[in-house]
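**Student:** First the structure, which I've put down as C-alpha cells, then a few questions once you've had a look.
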Amino acid sequence: AAGYNGVSFWDAQERTPDMNAAVAAATFSSNTPPFFLSQPVSRVVDSGGSLSLASGVSGTPPLHFQWLLNGAQISAATNATFSVVNAQAANAGNYSLVVTNFYGSATSSVAWLMVYPIQTTVFSDAFDSNSAAGWTLNTSSADNRVIFNYDYSTMGIPSAPHSTSGTTRGLRMEANLTLGVVAAVSLSPIGQSFAGDHRLHFDMWINANGPFPAGGGGSTEFLTAGLGTVGNRVEWTGSGTSADGFYFSADGEGGVSSTSTTSGDYCAYVGPTLQNPATGIYAAGTTTAARDNSSALYQTVFPIGLSAPALQQANYPANQTGAMIAGTAGFAWHDVIVSRRGTTVDWAIDGFRFATISNATFTASNVFVGFWDPFSSLSANTNVNFGLVDNVRVEVPAIAPAFSRQPTNVAVKVAGNATFTVAASGLPAPAYQWFFNNSPIVGATNAAYTRSNVQTNDAGNYFVIVTNVAGSITSSNALLTILPASPAQFQLVNLQPDQTLQLTGSGDSGATYFIETSTNLISWTPFTNLVATNGAFTFDAGPVTNLQQFFRARSGP
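For the sequence shown, my numbering begins at 3 and goes up steadily by one.
This is how it looks when you write it as C-alpha cells:
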C-alpha cells in the first residue's frame, strides 16, 4: 500500500484480477475529514496594495474551499489561497476559510486584515548624511554606541528596500559593549510631535554573532521601536526605567527561552511593562509561546533561518558560520510599521500583524527607534552584534483635495491682467493644473493663474484640476469675457522739422489700436496698428500736402 496526504490506497501494480472490483469500490482506506496544517495569518496592507491569505489543509479529497469575510461567503473565493488585489477599505475585516469533503468540514481561525488609507510622509531620515543633530540620543549608560551615516555595505549588507539609488547608509546601534551590564539606547527626532493617526515606518536589519543556529555568547539583543513617547528617555524595562508610550522589540536569532516570563523574541510593551500573552494582544496567541520564535506565526513570516552575509563569514569565520533557525528575523531587511489608529496601536513586520494594543491612552506624541541588550552577558564578537535602521519616516493618512473657494467669472478689456484664483486644501499639499477649453495650459500649475495681454481668442472657459496622492477634484468653469478696448482719443498733432505730421493719442494701456485714413470720411484705408504702451501711442502721418486727409483709431480691426 502507498499513501498521499494521510490517505492510503492500493497501488495498481499490486492488484490481481480478483481484487480489481473490490479496489474500485474502496480506493481510499481512510475517510478523513478536513483538518488544518497551518492557519491563515493576520495581515496589514496599504490601500492599493495586494496580498494573499493561505492555509495548509489536508483530508480525504476532493476538498472544497470557501473563504468568508466577516462571516459572509466571498463570491468565487473557492481556492486554498485567497488574493486581494488593489486593496481598499471595503476589504478590511475578519477572514476565515471553510473546508469540506464527504466526511466533514473544518473552519480556520480568523485572520484579520487591516487596510491602511493612503499615507503621506511628514518626517523622514534616510541617514545619507550625518543627521545626529536632529535626534535626541537617550542612553542607559555610556556602554552603548550609535553611528549615524554608517556604511553598512562594509559588513556585506545590501541596500535597504526603501533606499534610493542603492545607497547603503543607515543608523547603527549597539548596547552592552564592555561592562557586562544590561543596556539600551533610544533615539527620537528633535522637536517633532505627531498627533492623531500616524505610523512609524522603517527598514530593519538585526545582526548577531554565531556560530548558528544557537548563536554565540551574548548574541541575543533587541531592536526596539515605538510611538507615544516624550522622546527624552530610554525605552526599556531596565532598572530605574521611565519608559513611556507603546513599543515593541524583536531579536535576530531567537535566543530567548520559550518559557521565559520576563522576555521573548517578539514582545510588546506599555511604558515599562512587558505585555503578557494572556492579554490577547499578540496575533500569535495567548500562551507563552506567542512571544517565541517557535510560534507558527513567526515561522510563517520567517520560514527559513538565514546565514550571515558572505563578507561576514569570510572576515569572522569563528563566529558567522551556520544558519539561524526558522522564525527568526536576523540577517535580512524587514519592513516595520508601528501605527496609531485612534486608541489602537498595531505592530507589523513585512505586512504580517504581530501585536495590537487597544484602548491606548496617549500622553505624548513623539516616536523612537532603539537597541537593547536585555542580558548582562557580553557578546563574543561586538563587531557583528548590532541593529540597523534605515529610511525612517513618519506617515499620516493623506487627505484628498477639497475646494474652499471656486474660480469666478472674469471680464477684462483687450490686453488686460485676467486672473483666476482658487483655494484648496489637502494633505500632502495638492498640485494644480489649469485648463482652457478642456486643454491643459503649459506652466499653469499654481492656485492662481494669470492670462496676460488677453485677446479676443482668449475668451472661453477656464478650470483647474487639483490633485494629490489621495485623489483629485475638478473646479467649476470660470468664463473669461473679453471687453473691447476704450475708444482712443487724439491728443496732439505736431509738425515736425521735416514738414511731416506726428499724431499722439491715448487709450487703454497695452491695447492695440488700428489706425485708418480717409480723404472723404466715407472710405477708410488701413494705415497702421499701434499698441498703447502706458496708455499712449504716437505715429507719423506723413508729409504735409494740399490734400485733405483724415485719421481715426479703432479698438478692433
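Heads up, the beta-carbon is just placed ideally off N, CA and C, and yes, glycines get one too.
Assign residue 259 to buried or exposed, taking buried as 16 or more other Cβ atoms, counted over all protein chains shown, within 10 Å of its Cβ.
**Tutor:** Start at 1 with the first residue of the sequence shown, and residue 259 comes out as number 257. The residue is exposed, with fewer than 16 neighbouring Cβ atoms inside 10 Å.
**Student:** Pick out the complete beta strand (DSSP E) segments inside the region 121 to 176, 3 residues or longer, and give them in chain order.
**Tutor:** Fully enclosed beta strand (DSSP E) runs of 3 or longer: 121 to 127, 137 to 141, 146 to 153.
**Student:** Determine the extent of the alpha helix (DSSP H) in which residue 303 is found, giving its start and end residues.
**Tutor:** As a working note, residue 303 is residue 301 in the sequence shown. Unbroken alpha helix (DSSP H) run through residue 303: 298 to 303.
**Student:** Which residue marks the beginning of the alpha helix (DSSP H) containing residue 314, and which one marks its end?
**Tutor:** Numbered from 1 along the sequence shown, position 312 holds the residue referred to as residue 314. Unbroken alpha helix (DSSP H) run through residue 314: 312 to 317.
**Student:** Residue 258 lies in the beta strand (DSSP E); which residues open and close that run?
**Tutor:** Position 256 of the sequence shown, counting from 1, holds the residue named residue 258. Here residue 258 belongs to no beta strand (DSSP E), and DSSP marks it neither H nor E.
**Student:** When you compare only the Cα positions, how much space is there between residue 341 and residue 437?
**Tutor:** Within the sequence shown, the letter at position 339 stands for residue 341. Within the sequence shown, the letter at position 435 stands for residue 437. Whole-angstrom Cα-Cα distance: 40 angstroms.
**Student:** Drop a sphere of 10 angstroms on the beta-carbon of residue 154, count the other beta-carbons inside from all chains shown, and report buried for 16 or more, exposed for fewer.
**Tutor:** Taking the sequence shown and counting its residues from 1, one reaches residue 154 at position 152. Flag for residue 154 reads buried.
**Student:** Would you check if the region 228 to 237 and the region 135 to 149 touch, i.e. whether three or more CB-CB distances between them fall below 8 angstroms?
**Tutor:** Flag = yes, the region 135 to 149 and the region 228 to 237 touch.
**Student:** Along the chain, where does the beta strand (DSSP E) containing residue 198 start, and where does it finish?
**Tutor:** One-based indexing of the sequence shown puts residue 198 at position 196. It is not in any beta strand (DSSP E) - residue 198 carries neither H nor E in the DSSP assignment.
**Student:** Is residue 393 helix, strand or coil when you go by DSSP?
**Tutor:** In the sequence shown, the residue the question calls residue 393 occupies position 391. If DSSP states are grouped into helix, strand and coil, residue 393 belongs with the strands.
**Student:** Count the other CB atoms within 10 Å of the CB of residue 129; is the residue buried (16 or more) or exposed (fewer)?
**Tutor:** Here residue 129 corresponds to residue number 127 of the sequence shown, with the count starting at 1. Buried, by the Cβ-count rule.
**Student:** Between the C-alpha atoms of residue 82 and residue 335, what's the straight-line distance to the nearest angstrom?
**Tutor:** One-based indexing of the sequence shown puts residue 82 at position 80. One-based indexing of the sequence shown puts residue 335 at position 333. One C-alpha to the other measures close to 29 angstroms.
**Student:** Could you pull the start and end residues of the beta strand (DSSP E) that residue 359 belongs to?
**Tutor:** In the sequence shown, counting from the first residue as 1, residue 359 sits at position 357. Element bounds for residue 359: 354 to 359.
**Student:** Does DSSP put residue 424 in a helix, in a strand, or in coil?
**Tutor:** Taking the first residue of the sequence shown as 1, we reach residue 424 at position 422. If DSSP states are grouped into helix, strand and coil, residue 424 belongs with coil.
**Student:** Answer with yes or no whether the minimum CB distance from residue 463 to chain C is below 8 angstroms.
**Tutor:** Judged by its chain identifiers, the structure shown contains no chain C, having just a single protein chain.
**Student:** Can you tell me whether DSSP reads residue 235 as helix, strand or coil?
**Tutor:** For the purposes of this step, residue 235 is identified with residue 233 of the sequence shown, where counting begins at 1. Residue 235 falls in the coil class under three-state DSSP.
**Student:** Just to check my reading of the structure: residue 504 and residue 545 have Cβ atoms closer than 8 angstroms, yes? What is that Cβ distance to the nearest angstrom?
**Tutor:** As a working note, residue 504 is residue 502 in the sequence shown. As a working note, residue 545 is residue 543 in the sequence shown. The pair is not a contact, with the Cβ atoms about 12 angstroms apart (cut-off 8 angstroms).
**Student:** Do residue 508 and residue 498 have their CB atoms nearer than 8 angstroms?
**Tutor:** Taking the sequence shown and counting its residues from 1, the one referred to as residue 508 is at position 506. Taking the sequence shown and counting its residues from 1, the one referred to as residue 498 is at position 496. No, the Cβ-Cβ distance between residue 508 and residue 498 is not below 8 angstroms.
**Student:** Might you give, ordered along the chain, the residues of its own chain that have their beta carbon closer than 8 angstroms to the beta carbon of residue 537, omitting 5 neighbours on each side?
**Tutor:** Working through the sequence shown from its first residue, we reach residue 537 at position 535. If we look at residue 537 and ignore the five residues flanking it on each side, its Cβ neighbours are 508, 509, 510, 511.
**Student:** Could you check which residue in 116, 107, 106 has the C-alpha nearest to that of residue 90?
**Tutor:** Position 88 of the sequence shown, counted from the first residue, corresponds to residue 90. Residue 116 is the option with its Cα nearest to residue 90.
**Student:** Measure the beta-carbon distance from residue 95 to residue 72 and round it to whole angstroms, keeping in mind my assumption that it falls under 8 angstroms.
**Tutor:** Taking the first residue of the sequence shown as 1, we reach residue 95 at position 93. Taking the first residue of the sequence shown as 1, we reach residue 72 at position 70. Contact flag correct, Cβ pair sits at about 5 angstroms.
**Student:** Residue 349 to residue 46, Cα distance in whole Å?
**Tutor:** The sequence position of residue 349 within the sequence shown is 347, counting from 1. The sequence position of residue 46 within the sequence shown is 44, counting from 1. Using only the alpha carbons, I get a separation of about 9 angstroms.
**Student:** How about the region 163 to 178 and the region 349 to 362: do they share at least three Cβ pairs that are nearer than 8 angstroms?
**Tutor:** At 8 angstroms Cβ cutoff, the stretches do not touch.
**Student:** Using the Cβ count rule (16 or more neighbours within 10 Å means buried), how would you classify residue 105?
**Tutor:** Taking the first residue of the sequence shown as position 1, residue 105 is located at position 103. Exposed, because fewer than 16 other Cβ atoms sit within 10 Å of the Cβ of residue 105.
**Student:** Spatial neighbours of residue 251 within its chain, please: CB distance less than 6 angstroms, with the 5 preceding and 5 following residues excluded, ordered by chain position.
**Tutor:** To locate residue 251, count along the sequence shown from 1; it is residue 249. 224, 226, 269, listed in sequence order.
**Student:** Note down the Cα distance separating residue 161 from residue 371, rounded to an integer number of angstroms.
**Tutor:** To locate residue 161, count along the sequence shown from 1; it is residue 159. To locate residue 371, count along the sequence shown from 1; it is residue 369. Distance between the alpha carbons of residue 161 and residue 371 is about 19 angstroms.
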